[in-house]
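Below: the structure, in structure tokens.
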Amino acid sequence: MKNITICLLISCFLSSCGLFKKTTLNKDAFKSDSIQNSELSAHKVDKSVITIREKVDTAVRVPGYQQAAQWKLNRLLPGQKFNGFETSVKNIDSSFTDVKLYYDSLSNAVNVLVKAKDQLIPVSFDRTTVINKDITSDSTASHKTQVKISQDHTAKTSTPDYSWLIYAAIAAIILFAFYKISNRIKG
Numbered sequence: 218m219k220n221i222t223i224c225l226l227i228s229c230f231l232s233s234c235g236l237f238k239k240t241t242l243n244k245d246a247f248k249s250d251s252i253q254n255s256e257l258s259a260h261k262v263d264k265s266v267i268t269i270r271e272k273v274d275t276a277v278r279v280p281g282y283q284q285a286a287q288w289k290l291n292r293l294l295p296g297q298k299f300n301g302f303e304t305s306v307k308n309i310d311s312s313f314t315d316v317k318l319y320y321d322s323l324s325n326a327v328n329v330l331v332k333a334k335d336q337l338i339p340v341s342f343d344r345t346t347v348i349n350k351d352i353t354s355d356s357t358a359s360h361k362t363q364v365k366i367s368q369d370h371t372a373k374t375s376t377p378d379y380s381w382l383i384y385a386a387i388a389a390i391i392l393f394a395f396y397k398i399s400n401r402i403k404g
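The sequence shown maps to residues 218 to 404 in the numbering used here.
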């Protein structure tokens, strides 16, 4: 019986240190290489029409001015009349200008004074401008992406193996049977 107890103690010590455990080791390796090329192209056509309408109805003011001139006459004798001038001042009026023409008998000269009146000139127009656009543009873009993935995975799984208990029990029964048989033979 002493032998059986020693065998049981030895098997318990061996099972506690992991000798009777079932261990599996799983290794997984995963590698992936990926290259992605993408190309984008665009074709743009602009056929727009722009219409500009301008209408003007206004008046432009031209400011008046005054101009004077003098001509000396050397051929006239004192007291002689200049081209039938009865008076010394001759006025010529129009809607745009006033002209004063007078003879100065002392200086024997003809003086002219012209005054232009302020004018309002009407300006009006109706203009339409049409702009036809015909713009075409092409554009392309390319993109390259390269991805490398590498992954290693190791898993260690330990589960207790209780089959040794069955073997120990069978061994104990066999030993117990031999013990009983040997005691009968002796005694």
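Every residue, glycine too, gets a C-beta built ideally from N, C-alpha and C.
Predicted model, so just to flag it, every value in this text is computed and none were measured.
- Between residue 357 and residue 258, the gap from beta carbon to beta carbon is short of 7 Å.
- Three or more pairs of CB atoms, one per stretch, sit closer than 8 Å, so the stretch 269-289 contacts the stretch 324-335.
- Nearest C-alpha to residue 223 among 388, 402 and 394: 388.
- Apart from sequence neighbours up to five positions away, the residues of its chain that approach residue 285 with a beta-carbon distance below 8 Å are 328, 329, 330 and 331, ordered along the chain.
- Excluding residues up to 5 positions away in sequence, 347 lie with their Cβ nearer than 6 Å to the Cβ of residue 268 in the same chain.
- Between the alpha carbons of residue 349 and residue 263 lies a gap of roughly 10 Å.
- The Cβ atoms of residue 371 and residue 244 sit closer than 7 Å to each other.
- In terms of Cβ geometry, residue 355 and residue 260 form a close pair [threshold 7 Å].
- With fewer than 16 neighbouring CB atoms inside 10 Å of its own CB, residue 282 falls in the exposed class.
- In its chain, beyond the 5 residues on either side, 271 have a beta carbon closer than 7 Å to the beta carbon of residue 344.
- 7 Å or more divides the Cβ of residue 336 from the Cβ of residue 273.
- For the pair residue 385 and residue 374, the Cα-to-Cα distance works out to about 25 Å.
- Per DSSP, the continuous beta strand (DSSP E) segment holding residue 349 begins and ends at 336-349.
- Straight through space, the alpha carbons of residue 338 and residue 353 are spaced by roughly 47 Å.
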